[in-house]
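When you read off a place in the sequence shown, starting at 1, and then add 1, the result is the number in our numbering.
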Amino acid sequence: MPTEANLRGAYGTFGELVAACEKWCEHINARVHRETGAASVDRLAVERAHLHVLPGEPHTAALGEERLVNDDQTVRVGSARYSTPPGHVGTRVWCRTVGEELVIVAMTNTGTCWWPVQIPRWRPLSGEVSGRR
2 MPTEANLRGA YGTFGELVAA CEKWCEHINA RVHRETGAAS VDRLAVERAH
52 LHVLPGEPHT AALGEERLVN DDQTVRVGSA RYSTPPGHVG TRVWCRTVGE
102 ELVIVAMTNT GTCWWPVQIP RWRPLSGEVS GRR
C-alpha cells in the first residue's frame, strides 16, 4: 500500500479506525446525490420495502437428490453405494452427476449460516446415477 494511503499511524487502535470509517460512511450516505436528488440513506429505506428476506438455508433442489448417510458412512445412489467422510452418519446429503462424476454435497455450519459443501466426488460405479444434470 502506498505510504500516503496507509492509515496505520493515524489511529491508536483498530477500534478508532472502525469508528472513523463509520463516521465517514454516515457523512457520505447522508449527502444528497446529484442524479437522484435524495440521500443514499433515505433511498435505502424506500428500497428495503421492495426487497425480500433471503432464506436461512439455500434451496436444495439444485444440489441433487437427497439421501441419508447410513451407519456405515455410505449413501446408495442407483444400485451402488458410495462412501462419505467421517462425521456424516445420519445426516442428509445430496447427490448429483456433474460430467462423468457423482458429487455428494453436505450442509456445513459456518458459524453464521448453513452452507453446502462438496464432500467426495466419485466416478459412478454403475451406468445409472440418479439426479443426472
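All C-beta atoms in this analysis are idealised placements derived from N, C-alpha and C, irrespective of residue type, glycine included.
Span separating the alpha-carbon of residue 23 from that of residue 88
Their backbone Cα atoms lie some 42 Å apart in a straight line.
What residue does the beta strand (DSSP E) around residue 94 start on, and which one ends it?
Residue 94 -> beta strand (DSSP E) spans 93 to 99.
What are the complete beta strand (DSSP E) segments, minimum 3 residues, inside the segment 26 to 108?
With a minimum length of 3 residues, the continuous beta strand (DSSP E) runs that stay inside the segment 26 to 108 are 66 to 69, 75 to 78, 81 to 84 and 93 to 99.
Roughly how far, in whole angstroms, is the beta-carbon of residue 106 from the beta-carbon of residue 57, given that I think they are within contact range, below 8 Å?
That pair is no contact at about 17 Å.
Identify whether residue 131 lies in helix, strand or coil by the three-state DSSP scheme.
Residue placement at residue 131 cannot be trusted, given a pLDDT of 47 that sits under 50; what the coordinates show is reported in the next sentence. Three-state DSSP puts residue 131 in coil, outside helix and strand.
Decide if the segment 69 to 85 is in contact with the segment 119 to 127; the criterion is three or more beta carbon pairs, one per stretch, under 8 Å apart.
Judged by Cβ distances under 8 Å, the segment 69 to 85 makes contact with the segment 119 to 127, as three or more pairs qualify.
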